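Chemist: The structure is given below, and queries will be raised subsequently.
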Amino acid sequence: MAEPSVQGRIHSVFQKAAPTGLNSIGPKHRSNYRRRMTSLPWLDPDQLWFPPASEALDDPDGLLALGGDLSTDRLILAYRNGIFPWYSDEQPILWWSPNPRCVLFPNEIHVSRSLHRTLNKQRFQVTADRAFGRIIRLCASTRAEGTWITQEMIASYAELHRMGVAHSIEVWNHRGDLAGGMYGLAIGTCFFGESMFSLETNASKVLMVHLAHQLQDWGYRIMDCQVESRHLLTMGARTIPREEFLSILRMSIDQKPDQTDWTFQWCWPGPEV
Numbered sequence: 251m252a253e254p255s256v257q258g259r260i261h262s263v264f265q266k267a268a269p270t271g272l273n274s275i276g277p278k279h280r281s282n283y284r285r286r287m288t289s290l291p292w293l294d295p296d297q298l299w300f301p302p303a304s305e306a307l308d309d310p311d312g313l314l315a316l317g318g319d320l321s322t323d324r325l326i327l328a329y330r331n332g333i334f335p336w337y338s339d340e341q342p343i344l345w346w347s348p349n350p351r352c353v354l355f356p357n358e359i360h361v362s363r364s365l366h367r368t369l370n371k372q373r374f375q376v377t378a379d380r381a382f383g384r385i386i387r388l389c390a391s392t393r394a395e396g397t398w399i400t401q402e403m404i405a406s407y408a409e410l411h412r413m414g415v416a417h418s419i420e421v422w423n424h425r426g427d428l429a430g431g432m433y434g435l436a437i438g439t440c441f442f443g444e445s446m447f448s449l450e451t452n453a454s455k456v457l458m459v460h461l462a463h464q465l466q467d468w469g470y471r472i473m474d475c476q477v478e479s480r481h482l483l484t485m486g487a488r489t490i491p492r493e494e495f496l497s498i499l500r501m502s503i504d505q506k507p508d509q510t511d512w513t514f515q516w517c518w519p520g521p522e523v
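Here this note's numbering is used: the first residue of the sequence shown is 251, the next is one more, and so on.
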């Protein structure tokens, strides 16, 4: 079978990706839409590069390139430049750098009164790198249909974990069962949060508090949350312009944190505080 042209592959991707289907868009807008899509670079797996994040589309917000592969070298290069993969099984790899960018500065973590009470009860224990494989698979499975965490992604991030770049954070209940978790990448003094799940009420919030304080103690400057959500915003995350995010990234990505061993040491002070 002949391989379709780059333009044909891109059109096929966005025929599926358009929220209501490309054919439902009016002729004029459909033409503009196709023109934007075919302007995207299709990455060659044999060539390790990305276009500048500033060249990402406004619609869909942040889409920068297609194709390539999920080799560890490419993934690390992507994150170092404010780019991340986000796609589903029926699509090629899609690379994004949205504007604005949702971030959490560790010293800005917000603890509500109700969360304060939950933390005082000390119902959960938070650890790191105890169960990376289980965490990433639960991040995928708890989303049921439409998960973007493909088997290919799981294998690639597991390799990054073996390299000491990707990490998991686990929340355990009093029975020793997983109540929540997250995985992400640590490069320089930046932590890139990838996905999080919660199986019990407040487990993900407890995780965020412990992670933020631990990152602060270790000298991390920023946590990339990628795309805003109500949950993240209530925890103290905020959106900043992409160029500001990239500027912080450039200053932080080659800095060494105070600690590289991901052993959680920070504990909630308790009800007396």
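In this text, a Cβ means the ideal position worked out from N, Cα and C, and glycines have one as well. Keep in mind the model is a prediction, meaning the values are calculated, not measured.
Strictly by DSSP, which residues pair up with H417?
Modeler: Start at 1 with the first residue of the sequence shown, and residue 417 comes out as number 167. Looking at the DSSP assignment, H417 forms a beta bridge with G434.
Chemist: Is DSSP giving G317 helix, strand or coil here?
Modeler: Translated into the one-based positions of the sequence shown, residue 317 becomes position 67. In this structure, G317 counts as strand in the three-state DSSP scheme.
Chemist: Let me know if E420 comes out buried or exposed under the rule of 16 or more other beta-carbons within 10 Å of its beta-carbon.
Modeler: Stepping through the sequence shown from its first residue, residue 420 is reached at position 170. Per the 10 Å Cβ criterion, buried.
Chemist: Report the CB separation of R500 from S347 in whole angstroms; it is logged as a contact under 8 Å.
Modeler: Stepping through the sequence shown from its first residue, residue 500 is reached at position 250. Stepping through the sequence shown from its first residue, residue 347 is reached at position 97. So it is not a contact: roughly 14 Å between Cβ atoms.
Chemist: Alpha carbon to alpha carbon, what distance is there between R471 and E450?
Modeler: Residue mapping note: residue 450 aligns to position 200 of the sequence shown, counting from 1. Residue mapping note: residue 471 aligns to position 221 of the sequence shown, counting from 1. Near 29 Å, if we compare the C-alpha coordinates of R471 and E450.
Chemist: Relative to the C-alpha of A306, which candidate in P295, M287, P519 and Q297 has its C-alpha closest?
Modeler: Here residue 306 refers to the residue found at position 56 of the sequence shown. Minimum Cα distance to A306 is reached at M287.
Chemist: If you reduce the DSSP assignment to three classes, tell me which class R488 lands in.
Modeler: In the sequence shown, residue 488 corresponds to position 238, counting from 1. R488 falls in the strand class under three-state DSSP.
Chemist: Give every residue of the same chain whose Cβ lies closer than 7 Å to the Cβ of V456, excluding the five residues on either side of it in the sequence, and list them in chain order.
Modeler: By 1-based counting over the sequence shown, the position of residue 456 is 206. Counting only Cβ-Cβ distances below 7 Å, and skipping sequence neighbours, we find T368, L369, F374, V376 and V421.
Chemist: Within the same chain, show all residues whose beta-carbon is closer than 6 Å to that of Q505, passing over the 5 residues directly before and after it, in chain order.
Modeler: Sequence index remark: in the sequence shown, residue 505 carries index 255 (1-based). So the qualifying residues of the chain are G438 and T439.
Chemist: Quick one: what does DSSP say I343 is sitting in, helix, strand or coil?
Modeler: The residue given as residue 343 occupies position 93 in the sequence shown. Coil, per DSSP.
Chemist: So, with DSSP's three-state summary, where would you put V459?
Modeler: Taking the sequence shown and counting its residues from 1, the one referred to as residue 459 is at position 209. Of the three classes helix, strand and coil, the one that applies to V459 here is helix, per DSSP.
Chemist: Let me check you understand the geometry: is the CB of Q515 closer than 7 Å to at least one non-hydrogen atom of the ligand COA?
Modeler: Within the structure as shown, the ligand COA is missing, as the structure has no ligands at all.
Chemist: What is the DSSP secondary structure of G383, reduced to helix, strand or coil?
Modeler: For the purposes of this step, residue 383 is taken as the residue at position 133 of the sequence shown. The answer is helix: DSSP assigns G383 an H, G or I state.
Chemist: Name the two residues that bound the continuous beta strand (DSSP E) containing I472.
Modeler: Within the sequence shown, numbered from 1, the residue matching residue 472 stands at position 222. Here the beta strand (DSSP E) through I472 covers I472 to Q476.
Chemist: Can you list, in chain order, the residues of its chain with a C-beta nearer than 6 Å to that of L211? Leave out the 5 residues immediately preceding and following it.
Modeler: The structure shown does not extend to residue 211, since the chain is modelled only from 251 through 523, so no value can be given for it.
Chemist: Taking the alpha-carbon positions, what's the S289 to L313 distance?
Modeler: Position 39 of the sequence shown, counted from the start, is the residue given in the question as residue 289. Position 63 of the sequence shown, counted from the start, is the residue given in the question as residue 313. In a straight line, the C-alpha of S289 is about 11 Å away from that of L313.
Chemist: Starting from E402 and walking both ways along the alpha helix (DSSP H), at which residues does that stretch end?
Modeler: Stepping through the sequence shown from its first residue, residue 402 is reached at position 152. First-last of the alpha helix (DSSP H) with E402: Q401 to R412.
Chemist: Considering only C-alpha positions, which residue in the set I404, L496 and D511 is nearest to G332?
Modeler: Counted from its first residue, the sequence shown places residue 332 at position 82. Here the closest residue by C-alpha is L496.
Chemist: Measure the alpha-carbon distance for E444 versus A462 and round it to whole angstroms.
Modeler: As a first step, residue 444 must be located in the sequence shown, where it is residue number 194. As a first step, residue 462 must be located in the sequence shown, where it is residue number 212. If I take the Cα positions, the gap works out to 15 Å.
Chemist: Could you tell me if R480 is buried or exposed, where buried requires 16 or more neighbouring beta carbons within 10 angstroms of its beta carbon?
Modeler: Here the question's residue 480 lines up with position 230 in the sequence shown. Classification for R480: exposed.
Chemist: What is the DSSP secondary structure of F495, reduced to helix, strand or coil?
Modeler: Here residue 495 corresponds to residue number 245 of the sequence shown, with the count starting at 1. DSSP places F495 in helix when its eight states are reduced to three.
Chemist: For the beta strand (DSSP E) containing R351, list its first residue and its last residue.
Modeler: Within the sequence shown, the letter at position 101 stands for residue 351. Its beta strand (DSSP E) spans residues R351 to L354.
Chemist: Tell me which residues share the same chain as D311 and place their Cβ nearer than 6 Å to its Cβ, disregarding the 5 neighbours each side in the sequence.
Modeler: Mapped onto the sequence shown, residue 311 falls at position 61. Here the set comprises P348.
Chemist: Give the C-beta separation of C475 and L482 to the nearest angstrom, bearing in mind that I take them to be a contact with Cβ-Cβ under 8 Å.
Modeler: Taking the first residue of the sequence shown as position 1, residue 475 is located at position 225. Taking the first residue of the sequence shown as position 1, residue 482 is located at position 232. About 5 Å; that satisfies the 8 Å criterion.
Chemist: Smallest Cα separation from W468: which of Y337, Y329 and W512?
Modeler: The sequence position of residue 468 within the sequence shown is 218, counting from 1. Out of Y337, Y329 and W512, W512 has the C-alpha closest to the C-alpha of W468.
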